[in-house]
Structure formats: C-alpha cells, structure tokens
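Chemist: For reference, each letter of the sequence shown is one residue, going 309 to 649 in this note's numbering. Cβ coordinates follow ideal geometry from the N, Cα and C atoms, glycine included.
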Amino acid sequence: MTEYKIALMPGDGIGPELTEATLKILDAIQENFDVNLNLLPAEAGDTVLKKDGAALPEESLKVIRESHACLKGPVGETAADVIVKLRLLFDLYANVRPIKAFPNVPVARPDIDMIFVRENTEDVYKGLEYRIGDDVTVCLRVITRQNCERIAKRAFETAKLRPKKKVTAIHKANVMRITDGLFKRVCQETAKNYPDIQYNEMYVDAATMHLIRTPQDFDVLCTCNMFGDILSDEAAQLIGGLGMAPGANIGDNFALFEPIHGSAPDIAGKQIANPISMILSAKMMLTWLGERFNDSKCLRAAEAIEKATVQTLINGVTVPDLGGKASTLQMAQAIAAVIKI
309 MTEYKIALMP
319 GDGIGPELTE
329 ATLKILDAIQ
339 ENFDVNLNLL
349 PAEAGDTVLK
359 KDGAALPEES
369 LKVIRESHAC
379 LKGPVGETAA
389 DVIVKLRLLF
399 DLYANVRPIK
409 AFPNVPVARP
419 DIDMIFVREN
429 TEDVYKGLEY
439 RIGDDVTVCL
449 RVITRQNCER
459 IAKRAFETAK
469 LRPKKKVTAI
479 HKANVMRITD
489 GLFKRVCQET
499 AKNYPDIQYN
509 EMYVDAATMH
519 LIRTPQDFDV
529 LCTCNMFGDI
539 LSDEAAQLIG
549 GLGMAPGANI
559 GDNFALFEPI
569 HGSAPDIAGK
579 QIANPISMIL
589 SAKMMLTWLG
599 ERFNDSKCLR
609 AAEAIEKATV
619 QTLINGVTVP
629 DLGGKASTLQ
639 MAQAIAAVIK
649 I
C-alpha cells in the first residue's frame, strides 16, 4: 500500500480547530478505504513568527519539499509570507476553487455549481510595489504569456470533465489593454483547441453582477490572480459563506490544499467555525493524489467525503453560521460517522 506523505500546517486563529476536525475525517478514511496518510507537522504563520522569528521556517519548508502534498489551515497576518511564498516557490500556478450548493445550507440557488480556475503566481500579487517620493506609489501588474497559457489550458481541461462544458474568461481588457489584452488573446487562442467547449468572456465588473443575478449560468471561470481572488470570495457567499468553500493550489509536480478564508481570530477557540471548507479541501487533496498516482482508493475516499458531508447536512447537523447548533468538532464527528457506516 502506498504511503502518502502529507505536510500538515494547522495555521492560525481557527486553523487548529479546523485541522483537528479534518483529522477526524482523514482517520475515518484511513480506516475504511485502506489509504495510508503519513501526516507530518509543518508549522507556519503568525504564531510561528512570534515564536521563531520566521513565518515560514526552513524546517517546515524541508517537510513540505519531502511530501507528496500539503494540507494547510488558514494563516493570519503573515499570509503573504506563507501561502503567497509557497505558491511561488513550488510554482503552484493554478488556484482551483469549487463553488457548489449543498443541501440544508442557506444558498442563493440550489443549482449553483461552478469552479474558479485562477492564475496563482503573478499579477499584482507579485508584490512589486514602489514609492516615488512621499506622495506617489506604484504597483506593477505582471502578466506573462506562459502563465496565461497554463491557466487557460487548465480551465479548458477542467471544463472537459464537467457536464456544462463551458469556460468564461474574465478580464478588463477594455481598460488594461496590454496586460488583460494578453490574457484575453491567449484564452481566445486556447479556445480554438477545444471546439467542444462553449467559450465566452465577461468584463470583471459585469461578472460581479452576473454572479449575483444568474449564478446558475456559470461553469468554469478562468481569471487572472486578483480578479479570481475577489470573485471567488463573492461567489462563496452564494452557497452559505466562506466556510463552504475549499481550495487547491496546483502545480505540475506538487499541490497545496486549504480553505479559501482567513484565520477569523475573533471566533478562534470557540468551536463555532464551519469545518466543511477544510474537510472538502482534504477531499480535493485525495482526488489529486488519486489522479496523479492512479490510485482508485484515494478517488473513492474523496467521493465518500463529499457524500458523507451531503448526508450529514441532510440529517440536519450544521454549525451556527448555517443555522445549526453543532460545534466544529461535532460537525466533523458526524461526517466521520457517516463515512464509517
């Protein structure tokens, strides 16, 4: 049986609670699907910075480099020094964020099922900011053909596996004619290689409106870095909030999985955070492992996590932000119990 080394990063704020909850799910998976996960601690974030003087210690980087994948909780104020750095170090160029309506959750529409495929290594997130004198600041927006091509291909390949088979490229090429102009052209060029995929484009401001007005029309949304970050957070509110939204950072040889939200220090330690975001991130990790290593056990385990989550919600078990009374850990225990049946 293959042993998968997983770097485990609990993070800050509610991160340790979400991690504890997710481990209940992974324990159930290992018991019932003969999947062997060797979880290796890799600390990072605000707490580690205060303790060791580095938000992402070299020791943690070593663990991550020697692992098959990384499962990460939310990080606080040091997020740019942790997740943004990891995306660049490991060339995790595709940020993948599914937005899907689940039963017994306050949603805008029950038929929402879209996925953001967002470029993850450039744009203004390069952090190239400068001062010109005391009163002028400049931020450089870097968009390259290579990364446009990679993310466009990822979006179309993702759409091939989905029922709607539709890609919407989101940009602002009418204003940022050079940077978004390149992104737009590359998406159009890529679309020609996928004649069976429906392709359209939207300006980012129009997309924000249509996400609220007709979210059921979207399938795969292909975006540059900053637009994708903002739009996917907006879209999460349509399906019950950020606590329902998992995420993946995927490269050619490595991947990191995490909830898309922050560390929520105001509710840390209260056991009221929704663990589904991180539980479904773990599901995405198992799917990626199954596909990368041709492991049907991982694929079945991933499917079981989502089915158990759906069944638990149908059973009426929910956390306070979804209108229920279950704690973070109780929610996870209920999902784990369904997996074990």
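In terms of residue numbering, what span does the alpha helix (DSSP H) encompassing D421 cover?
Modeler: As a working note, residue 421 is residue 113 in the sequence shown. Per DSSP, D421 belongs to no alpha helix (DSSP H); it is in the beta strand (DSSP E), 421-427.
Chemist: What's the C-alpha gap between K480 and C532?
Modeler: In the sequence shown, residue 480 corresponds to position 172, counting from 1. In the sequence shown, residue 532 corresponds to position 224, counting from 1. Those two C-alpha atoms are separated by around 10 Å.
Chemist: Strictly by DSSP, which residues pair up with M592?
Modeler: Position 284 of the sequence shown holds residue 592. Its beta-bridge partners do not exist; DSSP assigns none.
Chemist: Is the Cβ-Cβ distance between I269 and I333 less than 7 Å?
Modeler: What is shown of the chain runs 309 to 649, which leaves residue 269 out entirely.
Chemist: Should the region 317-328 be regarded as contacting the region 374-386, the criterion being three or more beta carbon pairs within less than 8 Å?
Modeler: Touching, yes, given that three or more Cβ pairs across the two stretches are closer than 8 Å.
Chemist: According to DSSP, is H376 helix, strand or coil?
Modeler: Here residue 376 corresponds to residue number 68 of the sequence shown, with the count starting at 1. The answer is coil: DSSP assigns H376 none of H, G, I, E or B.
Chemist: State the Cα-Cα distance for the pair L564 and A377, rounded to the nearest angstrom.
Modeler: Here residue 564 refers to the residue found at position 256 of the sequence shown. Here residue 377 refers to the residue found at position 69 of the sequence shown. Rounded to whole angstroms, L564 to A377 spans 6 Å at the Cα level.
Chemist: On the three-state DSSP scale, how would you describe F526?
Modeler: By 1-based counting over the sequence shown, the position of residue 526 is 218. Residue state, collapsed to three classes: coil.
Chemist: Which residue marks the beginning of the beta strand (DSSP E) containing L345, and which one marks its end?
Modeler: Taking the sequence shown and counting its residues from 1, one reaches residue 345 at position 37. 344-349 is the span of the beta strand (DSSP E), which, as asked, contains L345.
Chemist: Quick one: what's got a C-beta closer than 6 Å to G577's C-beta in the same chain, skipping five residues either side?
Modeler: Against the sequence shown, residue 577 aligns to sequence position 269. There are no such residues.
Chemist: Given a threshold of 16 other Cβ atoms within 10 Å of its Cβ, counted over all protein chains shown, does M517 qualify as buried or as exposed?
Modeler: Looking up residue 517 in the sequence shown gives position 209. Answer is exposed; the Cβ neighbour count stays below 16.
Chemist: Which residues in the same chain as I613 place their Cβ atom closer than 8 Å to its Cβ, once the five residues preceding and following it in sequence are excluded?
Modeler: Here the question's residue 613 lines up with position 305 in the sequence shown. Only I333, I337, I587, L588, A590, K591, L594, I643, I647 meet the Cβ criterion.
Chemist: With respect to the beta strand (DSSP E) encompassing E385, which residues constitute its N-terminal and C-terminal limits?
Modeler: Taking the sequence shown and counting its residues from 1, the one referred to as residue 385 is at position 77. Neither: E385 is in no beta strand (DSSP E) and is coded neither H nor E.
Chemist: Tell me, to the nearest whole angstrom, how far the beta carbon of N344 is from that of E374; I am working on the premise that it is less than 8 Å.
Modeler: One-based indexing of the sequence shown puts residue 344 at position 36. One-based indexing of the sequence shown puts residue 374 at position 66. About 16 Å separates the two Cβ atoms, so there is no contact after all.
Chemist: In whole angstroms, give me the CA-to-CA distance for K408 and D525.
Modeler: Numbered from its first residue, the sequence shown carries residue 408 at position 100. Numbered from its first residue, the sequence shown carries residue 525 at position 217. The straight-line gap from Cα to Cα measures roughly 13 Å.
Chemist: Please classify T636 as buried or exposed, where buried requires at least 16 other C-beta atoms within 10 Å of its C-beta.
Modeler: Stepping through the sequence shown from its first residue, residue 636 is reached at position 328. Buried is the call here.
Chemist: Can you list, in chain order, the residues of its chain with a C-beta nearer than 7 Å to that of K472? Leave out the 5 residues immediately preceding and following it.
Modeler: Stepping through the sequence shown from its first residue, residue 472 is reached at position 164. The answer, listed in chain order, is D527.
Chemist: For a test of the three-state rule: what should DSSP assign to V392, helix, strand or coil?
Modeler: To locate residue 392, count along the sequence shown from 1; it is residue 84. Looking at V392 - three-state DSSP - the assignment turns out to be helix.
Chemist: Please determine if the region 408-425 and the region 539-550 are in contact, where contact requires at least 3 C-beta pairs separated by less than 8 Å.
Modeler: A contact exists between the region 408-425 and the region 539-550.
Chemist: Pairs of beta-carbons, one from the region 506-514 and one from the region 385-405, closer than 8 Å: are there three or more?
Modeler: Touching, no.
Chemist: For the region 385-393 and the region 594-608, state whether three or more C-beta atom pairs, one from each stretch, are separated by less than 8 Å.
Modeler: No, the region 385-393 does not touch the region 594-608.
Chemist: Extract the residue ranges of the alpha helix (DSSP H) inside the region 459-540, only unbroken runs of 4 or more that lie entirely within it.
Modeler: Entirely contained in the region 459-540, the alpha helix (DSSP H) runs reaching 4 residues are, in chain order, 487-499, 512-521.
Chemist: Restricting to Cα atoms, I'd like to know which of N557, F535, C447, T466 is closest to D488.
Modeler: Translated into the one-based positions of the sequence shown, residue 488 becomes position 180. Taking only the C-alpha atoms, the option nearest D488 is F535.
Chemist: Which same chain residues end up closer than 6 Å to V371 when comparing Cβ atoms and leaving out the 5 residues on each side of it in sequence?
Modeler: One-based indexing of the sequence shown puts residue 371 at position 63. Around V371: A315, L348, A350.
Chemist: DSSP three-state label for G435, please.
Modeler: In the sequence shown, the residue the question calls residue 435 occupies position 127. Residue state, collapsed to three classes: coil.
Chemist: Could you check where the alpha helix (DSSP H) with K332 kicks off and where it finishes?
Modeler: One-based indexing of the sequence shown puts residue 332 at position 24. Where K332 is concerned, the enclosing alpha helix (DSSP H) stretches over 323-341.
Chemist: Look up N557 in the DSSP assignment and say whether it is helix, strand or coil.
Modeler: Counting from 1 along the sequence shown, the entry for residue 557 is found at position 249. DSSP places N557 in strand when its eight states are reduced to three.
Chemist: Name the one or two DSSP bridge partners that L621 has.
Modeler: If you number the sequence shown from 1, residue 621 lands on position 313. Answer is none; L621 lacks a bridge partner.
Chemist: From the DSSP output, read off the bridge partner residues of L564.
Modeler: To locate residue 564, count along the sequence shown from 1; it is residue 256. Note: L564 sits in a beta bridge opposite C378, N557.
Chemist: Is it buried or exposed, P318, if we count other Cβ atoms within 10 angstroms and call 16 or more buried?
Modeler: Here the question's residue 318 lines up with position 10 in the sequence shown. Buried, because 16 or more other Cβ atoms sit within 10 Å of the Cβ of P318.
Chemist: In the DSSP output, what is Y401 paired with across the bridge?
Modeler: Your numbering for residue 401 matches position 93 in the sequence shown. Paired residue(s): none; Y401 is not in a bridge.
Chemist: Less than 7 Å between the beta carbons of N582 and D629, yes or no?
Modeler: Your numbering for residue 582 matches position 274 in the sequence shown. Your numbering for residue 629 matches position 321 in the sequence shown. Yes, they are a contact pair.
Chemist: Which one or two residues does DSSP pair with V450 in a beta bridge?
Modeler: Here residue 450 refers to the residue found at position 142 when the sequence shown is read from its first residue. The partner list for V450 (beta bridge, DSSP) reads D431.
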